[in-house]
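**Q** Below is one structure. I have some questions about it.
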Amino acid sequence: MRMAFAVVLLLAAPGALALINPNFTPIHLVSQADVVLVVKVGPVGADGAVPVRVVEALKGKAPAKGPALDFSKSPRPQVEALQGLVGKVERLGILFVGRFREEAPDAPGAEPAEGAVGLLHVQAKWFRLLAAPGGAWLLDAMDDHMEGTWAGGTDMLQRAVRYVLTDPAPMVPVKAMAKWAEPKKIAKLEGKVHGAIPVDIAGDGQLALHVLCEGGDRVFRLDKARKALGDATAALKLAARSHAAAWGDFNGDGRLDLASWDAKALTLWLQAADGTFAARETGIDLKGDCLAVAPLGLDAAGKTGILVSTSSCPRLLTPGEPPDFGFRISDLGLRPPLRSPQSAISNGLGAAHPCLIADFDGDSVPDVLQPFARGVVCYKGKGLGAFEGGVRLEGIGTGAGGAGAFLGDLDADGLLDVFVAADEHCLIWHNRTASPSQNAEHRTPNTDSRTTRTTTITFEETLTISGEIAYISKPNAIGGMTGDVNNDGRQDVLILYSNRSPHIFFNRGFRSFGHAHELDVDEQKLLEAANEGQQAGCLADLDGDGGQDMAIVLANGELWVLFRDTGDAPALALRASLPPGGFAGPLTVSGWADKRPLGAWAVLPGTAEAFFGVFEPGPLRLRWQFPGRDAQEKQLIVEDKPLRFILKP
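Read in my numbering, the sequence shown has 54 at position 51, and its numbers run on one by one without any break.
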């Protein structure tokens, strides 16, 4: 007898793209399951059989032997689909067994027919199994609609299930639960815009907005009297015209300075005690080859270098001693004794893009990645300011055309991943590096995690198994940013485009994303001109109310800010920051709400903080480790307003 499954009866047709199902989330699934098993599936035998081996029971009692799959009455296309996914290796799977019922909001829902149903998730796909006499399971169908319950990797689903089972009040969001206030036009910019950077210039926690513009950079910060963003450029005496720029304490005086490249020369704009800036030439000739500049900590005392991304390999500018502090320039990771030019490492990889700097392998030392059209080159850090020779990473690349890559811990495992917003399509490079911090939520607190272990930095492309973002994100993307737009402690993604309005995707947890309809500028008809594309943009709390706002520079040069509507009370968050004058970063900072991991952020003085949003007051735990030092942990209490914490060795 063919047994029905209530959830399936209410489904869309097989093969349809599954939108998030608010009536049957992983919480419903785990709650209604009698048994949840972690299993290993495969390899496919010579006779086509697919063995299933039980590894662990997450809920209920594990059977004495592994479930047997019976294909004798199964549709051949479904069997071949499972065999093709599993192949000749053993795959991770999760099997849910129970009588399942969808929670319909305004109807009682359909009752399941007699008998148990099995739901097997393997290789990011769902298969429905029906109980058969003798304890076997009949393969009934590949269940596309269950992707509305969970669209993501099987390893991520396993972590989600563990979270649901252990958290006293688990959440797997089905919508963004946030909205924008009325958009505000801030300025009309002249000339091409090359970026928008949130920056805490004064070191007091108030973020300003720095817009890089060929017609003249502009800095906007909150005018508390007018409760609006005002143009502070003239008052700061900043006259840069940046094609690329980076903030850092480049002269060691404890104040944030600006390094600006105007397509001809690299200039330092040094901040004086009164908060104004004065230009100082570096004398460095980049010969027109500069894709981006970024600060890099060179020692624990605060010496800050400048990493220059070029069309072939990164170059490191190392400052001398004050007051002269002239820069010395060198290619990153030269290989002794031959000292061969690192530019050769990128031969055949196509167009280069700006580098990313972060601790990608959990050893507390910054590493450098440079994406190319047909590959990625990794320079593993071996000490502050010291790097191994470049190594090509296989299987990933940005594709042809432009691309803007940015960091985020999208699955909250303590390792930084990479999101690529590109001309061809968006990409998510999941960090698969094996390291002490890979399973951050299970790490033993207060241990000395200094290590000399050799690790291989590894990434896997995972956009297609990361939820609605797989089919809703579009080509012609130019960049974006990771943030927490709804203060739920999960890292969300902003994508900017050259020819359409921006996208925001909220994180359901563990790298499964939903489209934030409530924050969609086009759907909410907030700013029609945004449909023509953007030149730059960012997420940042520009008005100090605890909610991250969205600033975008449109194709026509207009700067608009959409402030978060936080209601009558401020949104709650813990912000962890590095001060200028100490280690210049990047420093990885991870957070937890009780046992739930909130992920990691790469923190830089002034321009990149760790932002851990929370819905309610309560304790959060932070962990960080300065290079060469023991790991530190601290519990902090977020009360009735956002809390800022300064990170120190």
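Cβ atoms here follow ideal geometry from the backbone N, Cα and C, with glycine treated the same way.
1) Per DSSP, which one or two residues make a beta bridge with residue 599?
2) Roughly how many angstroms separate the alpha carbons of residue 648 and residue 191, rounded to a whole number?
3) With distances taken between CB atoms, is the gap from residue 101 to residue 22 smaller than 7 Å?
4) Would residue 77 be called buried (16 or more neighbouring beta carbons within 10 Å of its own) or exposed?
5) Within the continuous alpha helix (DSSP H) that includes residue 34, where are the two ends?
6) By the DSSP assignment, the alpha helix (DSSP H) with residue 564 in it spans what residues?
7) Which one of 317, 404, 490, 321 has the shortest CA to CA distance from residue 391?
8) Taking the straight line between their C-alpha atoms, what separation do you get for residue 414 and residue 599?
9) Just tell me which of 387, 418, 315, 347 has its CA closest to the CA of residue 321.
10) Which word fits residue 640, buried or exposed, when buried means at least 16 other C-beta atoms lie within 10 angstroms of its C-beta?
11) Quick check on the DSSP output: what are the complete beta strand (DSSP E) runs of length 3 or more inside the region 225-268, in order along the chain?
12) Name the DSSP beta bridge partners of residue 59, please?
13) Since residue 73 is in the beta strand (DSSP E), which residue starts that stretch and which ends it?
14) Return the residue from the list 201, 400, 349, 165 that minimises the CA-CA distance to residue 30.
15) Determine the DSSP secondary structure at residue 423, reduced to helix, strand or coil.
16) Restricting to runs no shorter than 4 residues, where is the alpha helix (DSSP H) found entirely within the region 274-314?
17) Please report the straight-line C-alpha distance between residue 506 and residue 524, rounded to a whole angstrom.
18) Let me confirm a value: residue 482 is counted as buried when at least 16 other C-beta atoms fall within 10 Å, else exposed. Which label applies?
19) Mapping DSSP to helix, strand and coil, what is residue 622?
20) Alpha carbon to alpha carbon, what distance is there between residue 458 and residue 352?
21) What residue does the beta strand (DSSP E) around residue 190 start on, and which one ends it?
22) Return the residue from the list 398, 578, 366, 195 that minimises the CA-CA distance to residue 379.
23) I'd like the span of the beta strand (DSSP E) that includes residue 374, first residue to last.
24) Specify whether the region 545-555 and the region 566-580 touch according to this definition: at least 3 beta carbon pairs, one from each stretch, less than 8 Å apart.
25) By the three-class DSSP mapping on this structure, what secondary structure does residue 534 have?
26) Does DSSP classify residue 324 as helix, strand or coil?
27) State the Cα-Cα distance for the pair residue 99 and residue 35, rounded to the nearest angstrom.
28) Spatial neighbours of residue 535 within its chain, please: C-beta separation below 6 Å, excluding the five flanking residues on both sides.
29) Determine the direct distance from the alpha carbon of residue 162 to that of residue 155, and round the result to whole angstroms.
30) What does a CB cutoff of less than 6 Å around residue 361 pick up in its chain, not counting 5 residues either side in sequence?
31) How long is the line joining the alpha carbons of residue 231 and residue 623, rounded to whole angstroms?
32) For residue 299 and residue 250, I'd like the C-alpha separation in whole angstroms.
33) Check the DSSP bridge columns for residue 145 and list the partner residues they point to.
34) In terms of residue numbering, what span does the alpha helix (DSSP H) encompassing residue 158 cover?
35) How big is the Cα-Cα spacing for residue 635 and residue 561?
36) Over the uninterrupted beta strand (DSSP E) stretch that includes residue 201, give me the two end residues.
**A** Result, derived from the coordinates:
1) 596
2) 35 Å
3) Taking 7 Å as the Cβ cut-off, residue 101 and residue 22 do not qualify as a contacting pair.
4) buried
5) 29-35
6) Per DSSP, residue 564 belongs to no alpha helix (DSSP H); it is in the beta strand (DSSP E), 561-565.
7) 317
8) 12 Å
9) Selected option, being the one with the closest Cα: 387.
10) exposed
11) 231-234, 247-251, 260-264
12) 41
13) Run containing residue 73: 71-73, per the beta strand (DSSP E) assignment.
14) 165
15) strand
16) Entirely contained in the region 274-314, not one alpha helix (DSSP H) run reaches 4 residues.
17) 8 Å
18) buried
19) strand
20) Roughly 24 Å separates the two Cα atoms.
21) 187-191
22) 398
23) 370-375
24) Touching, yes, given that three or more Cβ pairs across the two stretches are closer than 8 Å.
25) The answer is helix: DSSP assigns residue 534 an H, G or I state.
26) In the three-state reduction of the DSSP assignment, residue 324 falls in the coil class, being assigned neither a helical nor a strand state.
27) 9 Å
28) 558
29) It is roughly 11 Å from the alpha-carbon of residue 155 to the alpha-carbon of residue 162.
30) 410, 419, 589, 605
31) 31 Å
32) 10 Å
33) 130.
34) 157-169
35) 44 Å
36) 196-202
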